[in-house]
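Take a look at the structure below.
Residue numbers (the numbering used here): 584 to 875.
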């Protein structure tokens with residue numbers, strides 16, 4: 584295989600992987616941008632969405648794509664209730680309170696998944712066929728997962744730009760006091776935002792299951808990777824998060840291919856640290872702005 588062919592294949596693989604990262608990281612970035620809360624339970628939401636799809640597939644033969652129609656309302660309600668019953672009470676307080684709260688929720692979620700599904704990794708045999716995209720051979724499961732990320736990622740941006748609730752979310756993120764003075768129920772908007780973030784994480788879990796195996800303890804490495812993405816893109820910047828998702832995904836596939844999987848995370852974290860030394864606000868973050 585020539586260098587050009589190999590490079591193209593790695594680029595295609597990286598772009599499809601970026602679709603999964605976009606889904607998960609957009610939810611985390613949106614929550615931070617509106618609530619100024621770092622949701623430690625977000626990785627658990629990704630795994631929970633994956634387990635919902637796995638259960639539907641193994642018990643009832645439901646296609647993972649179709650299982651999304653059950654994952655969406657379930658994850659939205661979970662995120663909404665989590666905010667109303669817990670997170671809302673620490674909004675505006677010391678940030679350590681929200682960190683401890685969401686960390687506790689993450690531990691409870693991990694414990695519940697371990698109790699229900701044990702610590703054994705789960706996967707499904709889904710679309711094992713491959714297709715040719717020019718000179719690259721791509722697994723259908725990876726293609727579907729990547730397209731899901733593109734569709735829902737673009738869908739979120741359209742929702743935020745065109746819908747009434749989307750504009751209310753942006754107003755709450757940019758000027759919460761002014762938004763409330765204009766009649767926007769910012770408390771409800773924050774709860775809806777948490778619901779949307781959890782929903783995106785759940786869908787990302789479904790896409791992740793199509794390609795990889797899932798386990799309750801898999802939430803932690805995913806969360807670390809998502810933190811790298813949103814910090815690199817600029818905290819709260821959705822555009823920066825999408826760009827950083829692509830950068831990290833491409834970096835991952837090239838590093839694994841040329842260096843090895845064991846060294847990938849070390850090289851990734853080191854590279855991001857160097858970038859942040861040069862540009863602390865991230866790719867599209869604004870140093871003086873309240874949000875990205």
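By construction, the Cβ of each residue, glycine as well, lies at the ideal position given by its N, Cα and C atoms.
All values reported here derive from a predicted model rather than from experimental measurement.
For residue 844 and residue 641, I'd like the C-alpha separation in whole angstroms. Looking up residue 844 in the chain shown gives position 261. Looking up residue 641 in the chain shown gives position 58. So the two alpha carbons sit approximately 30 Å from each other.
Is it buried or exposed for residue 799, if we count other Cβ within 10 angstroms and need 16 for buried? Numbered from 1 along the chain shown, position 216 holds the residue referred to as residue 799. Looking at its Cβ environment, which holds 16 or more other Cβ atoms inside 10 Å, residue 799 is buried.
Beta-carbon proximity list for residue 645, same chain, < 6 Å, skipping 5 on both sides: Start at 1 with the first residue of the chain shown, and residue 645 comes out as number 62. Closer than 6 Å at Cβ, skipping near neighbours: 639.
In DSSP terms, what residue 719 is bridged to: As a first step, residue 719 must be located in the chain shown, where it is residue number 136. Answer is 716.
Relative to the C-alpha of residue 620, which residue among 695, 706, 612 is closest? The residue given as residue 620 occupies position 37 in the chain shown. It is 612.
Does the stretch 810 to 826 come close enough to the stretch 696 to 713 that 3 or more CB-CB pairs lie under 8 Å? no
Determine the contact status of residue 801 and residue 630, defining contact as a CB-CB distance below 7 Å. As a working note, residue 801 is residue 218 in the chain shown. As a working note, residue 630 is residue 47 in the chain shown. In this structure, residue 630 lies closer than 7 Å to residue 801 by Cβ.
Beta-carbon within less than 7 Å of residue 654's beta-carbon, same chain only, minus the 5 sequence neighbours each way: which residues are those? Your numbering for residue 654 matches position 71 in the chain shown. 632, 635, 636, 785, 786, 789.
Can the beta-carbon of residue 773 be found less than 7 Å from the beta-carbon of residue 618? Stepping through the chain shown from its first residue, residue 773 is reached at position 190. Stepping through the chain shown from its first residue, residue 618 is reached at position 35. Yes, they are a contact pair.
For residue 623, tell me which candidate among 651, 588, 652, 689 has the shortest Cα-Cα distance. As a position in the chain shown, residue 623 is number 40, starting the count at 1. Per the Cα distances, 689.
Apart from the five residues just before and just after residue 602, which ones in its own chain have a Cβ nearer than 8 Å to its Cβ? For the purposes of this step, residue 602 is taken as the residue at position 19 of the chain shown. Excluding sequence neighbours, residue 602 sits near 728, 729, 730, 731, 732, 733, 736, 790.
Using 10 angstroms around the beta-carbon of residue 628, count the other beta-carbons present and answer buried if the total reaches 16, otherwise exposed. Position 45 of the chain shown, counted from the start, is the residue given in the question as residue 628. So residue 628 counts as buried.
Going by the DSSP bridge assignment, what does residue 797 pair with across the sheet? The residue labelled residue 797 in the question sits at position 214 within the chain shown. In the DSSP output, where bridge partners are listed per residue, residue 797 has 705.
Verify whether the separation of the beta carbon atoms of residue 706 and residue 796 is less than 7 Å. As a position in the chain shown, residue 706 is number 123, starting the count at 1. As a position in the chain shown, residue 796 is number 213, starting the count at 1. Yes; because the gap between Cβ atoms is below 7 Å, this pair is in contact.
Rounded straight-line distance, which links the Cα of residue 643 to that of residue 856: Within the chain shown, residue 856 is the residue found at index 273, counting from 1. Within the chain shown, residue 643 is the residue found at index 60, counting from 1. The straight-line gap from Cα to Cα measures roughly 45 Å.
Within 10 angstroms of its Cβ, does residue 724 collect 16 or more other Cβ (buried), or is it exposed? Reading the chain shown from its first residue, position 141 is the one you call residue 724. So residue 724 counts as buried.
What does the alpha-carbon distance come out to for the pair residue 670 and residue 588? Position 87 of the chain shown, counted from the start, is the residue given in the question as residue 670. Position 5 of the chain shown, counted from the start, is the residue given in the question as residue 588. Each residue's alpha carbon lies about 49 Å from the other.
Cβ pair residue 777, residue 865 closer than 7 Å: Within the chain shown, the letter at position 194 stands for residue 777. Within the chain shown, the letter at position 282 stands for residue 865. Cβ atoms of residue 777 and residue 865: not closer than 7 Å.
Which listed residue (616, 656, 686) has its alpha carbon closest to that of residue 783: Locating residue 783 in the chain shown gives position 200, counting from the first residue. Per the Cα distances, 656.
By how many angstroms is the C-alpha of residue 794 removed from the C-alpha of residue 720? For the purposes of this step, residue 720 is taken as residue 137 along the chain shown, with counting starting at 1. For the purposes of this step, residue 794 is taken as residue 211 along the chain shown, with counting starting at 1. Answer to the nearest angstrom: the Cα atoms are 15 Å apart.
Per-residue DSSP class, three states only, for residue 676: For this step, residue 676 is matched to residue 93 along the chain shown. Three-state result, residue 676: coil.
Are the beta-carbon atoms of residue 769 and residue 759 separated by less than 7 Å? Within the chain shown, the letter at position 186 stands for residue 769. Within the chain shown, the letter at position 176 stands for residue 759. Cβ distance < 7 Å, so residue 769 and residue 759 count as in contact.
Could you spell out the range, first to last residue, of the alpha helix (DSSP H) harbouring residue 829? Within the chain shown, the letter at position 246 stands for residue 829. Its alpha helix (DSSP H) spans residues 821 to 841.
Which residues mark the beginning and the end of the alpha helix (DSSP H) in which residue 665 is found? The residue given as residue 665 occupies position 82 in the chain shown. Segment 647 to 668, the alpha helix (DSSP H) holding residue 665.
Helix, strand or coil for residue 773 per DSSP? Indexing the chain shown from 1 puts residue 773 at position 190. Helix at residue 773.
Any idea what DSSP makes of residue 691, helix, strand or coil? Position 108 of the chain shown, counting from 1, holds the residue named residue 691. Three-state DSSP puts residue 691 in a helix.
For residue 585, name the three-state secondary structure that DSSP assigns. Indexing the chain shown from 1 puts residue 585 at position 2. The answer is coil: DSSP assigns residue 585 none of H, G, I, E or B.
Which stretch, first to last residue, makes up the alpha helix (DSSP H) that contains residue 627? Counting from one through the chain shown, the residue named residue 627 turns up at place 44. Its alpha helix (DSSP H) spans residues 625 to 643.
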